Each structure stands twice: as structure tokens, then as C-alpha cells.
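Each remark here refers to the structure printed beneath this line.
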Amino acid sequence: MDLHSVVCVRDLAISRKWYEAFFGREADEIIGEELLWQVGENAWLVLDDRPVRAARVGGTMITFGVTDLDDILARLAAHGIAHEPVETYGNGVRHVEILDPDGNSLSLAAAPPS
1 MDLHSVVCVR DLAISRKWYE AFFGREADEI IGEELLWQVG ENAWLVLDDR PVRAARVGGT
61 MITFGVTDLD DILARLAAHG IAHEPVETYG NGVRHVEILD PDGNSLSLAA APPS
């Protein structure tokens, strides 16, 4: 099974720069007017700013499981990207929410070291 999660944004040029900083790289593919980042073997995040998607801007919520949370947060800080406070759940998972320029929520979650 493949997953394509569409993030609706207002301005593709602004969002492109933000998501390049978030992922630490340029889009992996450009199909038409959509930008795609591969986030797993068969999983993609897609940016879309077409007018048909305008009502959905800011409504996305995605959580990424990561192993290098502190490194990612340091890279984001170097690009001026802020985040909510890091929470540690009772099971040891560390979680943080980051909002893109349109208010879409991209969370990072890291399992405790084994």
C-alpha cells in the first residue's frame, strides 16, 4: 500500500522553502504543480496550493516517527523554525508539534532509547 498525504497550503513558493528546511532537502519529485517528499518506503508528503484546496489550508495533522529528534530540532532552529515545547509521555516517547506557515501541524515523535 502507498500513502500520499496532501498538505494544502496558500503559497507554494513560501511553503516550498519552509518544507525544504523541515526535511533538510529539496522536494524528491515535482508532478505538475505539486511538490512531493518521500517520507517512507511507500509514503509521500504532497504540497498543493491549487484553489480547489483552499478550504483545507491549515487543517493537516501528521506525525512522523523519528530517531534523531534533537538533531532535527537543531536544524529547524538554525532555519528559524520554532516548535512547541517537547513533551515526554509516560512511556518515554518524546513528542513535539511544529506548525508550518499555514498552521498545518507536523509532529515529530521519538521512541525512548532501547
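Numbered as in UniProt numbering, the sequence shown ends at 114 without a single skipped number. Don't be surprised by glycine CBs; every beta carbon is placed ideally from N, CA and C. It should be emphasised that the depicted structure is a prediction, and the values quoted were computed from it without experimental measurement.
Please return the same chain residues whose Cβ sits closer than 6 Å to the Cβ of residue i, not counting the five positions on each side in sequence.
{"i": "Gly59", "result": "none"}
{"i": "Arg94", "result": "Leu69, Val86, Thr88 and Ala110"}
So, for residue i: in the same chain, excluding its five sequence neighbours on each side, which residues have a beta-carbon less than 7 Å away from its beta-carbon?
{"i": "Glu84", "result": "Val96 and Glu97"}
{"i": "Arg25", "result": "none"}
Note down the Cα distance separating residue i from residue j, rounded to an integer number of angstroms.
{"i": "Asp48", "j": "Asp70", "result": "29 Å"}
{"i": "Val52", "j": "Glu20", "result": "24 Å"}
{"i": "Arg16", "j": "Glu33", "result": "11 Å"}
{"i": "Thr67", "j": "Arg50", "result": "33 Å"}
{"i": "His79", "j": "Phe64", "result": "19 Å"}
{"i": "residue 167", "j": "Ala13", "result": "The question about residue 167 has no answer here: the residues shown for the chain are numbered 1 through 114."}
{"i": "Arg75", "j": "Ala55", "result": "31 Å"}
{"i": "Asn91", "j": "Ala82", "result": "25 Å"}
{"i": "Ala27", "j": "Trp18", "result": "11 Å"}
{"i": "Glu29", "j": "Asn104", "result": "21 Å"}
{"i": "Glu41", "j": "Val57", "result": "26 Å"}
Tell me residue i's beta-bridge partners as DSSP assigns them.
{"i": "Ser107", "result": "Thr63 and Glu97"}
{"i": "Ser5", "result": "Leu45"}
{"i": "Glu87", "result": "His95"}
Compute the distance between the beta-carbons of residue i and residue j, then report whether it is under 8 Å.
{"i": "Ile62", "j": "Ser114", "result": "no"}
{"i": "Asp102", "j": "Arg10", "result": "yes"}
{"i": "Phe22", "j": "Leu106", "result": "yes"}
{"i": "Leu108", "j": "Ala43", "result": "no"}
{"i": "Val39", "j": "Val7", "result": "no"}
Mind checking which residues open and close the beta strand (DSSP E) that includes residue i?
{"i": "Ile30", "result": "Glu29 to Ile31"}
{"i": "Glu34", "result": "Glu34 to Gly40"}
What are the boundary residues of the alpha helix (DSSP H) that residue i is part of?
{"i": "Ala74", "result": "Leu69 to Ala78"}
{"i": "Arg56", "result": "First-last for Arg56: undefined, no H or E at that position."}
{"i": "Arg16", "result": "Leu12 to Phe23"}
Enumerate in chain order the residues of its own chain whose CB-to-CB distance from residue i is below 8 Å, with the five nearest sequence positions on each side excluded.
{"i": "Pro112", "result": "Asn91, Gly92, Val93 and Arg94"}
{"i": "Ala1", "result": "Reading off the sequence shown, one finds Met at residue 1, where the question assumed Ala. Counting only Cβ-Cβ distances below 8 Å, and skipping sequence neighbours, we find Asn42."}
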